[in-house]
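Counting in the working numbering, the sequence shown runs from 221 upward without gaps.
For glycine and all other residues, C-beta sits at the position ideal for the given N, C-alpha and C.
These figures come from a predicted structure and were not determined experimentally.
To keep things clear, I will list the structure first and then write my remarks on it.
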Amino acid sequence: MNRQIDGSWSAQIDLHHGHHRYQFVIDGKPTLDPRANGVVRNEANERVSLIAVS
Numbered sequence: 221m222n223r224q225i226d227g228s229w230s231a232q233i234d235l236h237h238g239h240h241r242y243q244f245v246i247d248g249k250p251t252l253d254p255r256a257n258g259v260v261r262n263e264a265n266e267r268v269s270l271i272a273v274s
């Protein structure tokens, strides 16, 4: 990730069409993205963020 001038962080990743699950790890703690399209559970039954790519 790259730190922006305003203090936020960004990353650019090429993703295929569909739904993708992810989570941020901040100071070793899994964290949901407040700007995500939704929240789902992963294979370990943990809550993770969801993004839809079209």
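Alpha-carbon spacing of residue i relative to residue j, whole angstroms
i	j	result
W229	R261	24 angstroms
G227	Y242	22 angstroms
E266	I246	16 angstroms
I225	K249	25 angstroms
V259	R223	25 angstroms
Residue i and residue j closer than 8 angstroms at C-beta
i	j	result
S274	H237	yes
D239	A264	In the sequence on display, residue 239 carries His and not Asp. Taking 8 angstroms as the Cβ cut-off, H239 and A264 do not qualify as a contacting pair.
Sheet register partners of residue i (DSSP bridge)
i	result
R194	Given a span of 221 to 274 for the chain in the structure shown, any question on residue 194 remains unanswerable.
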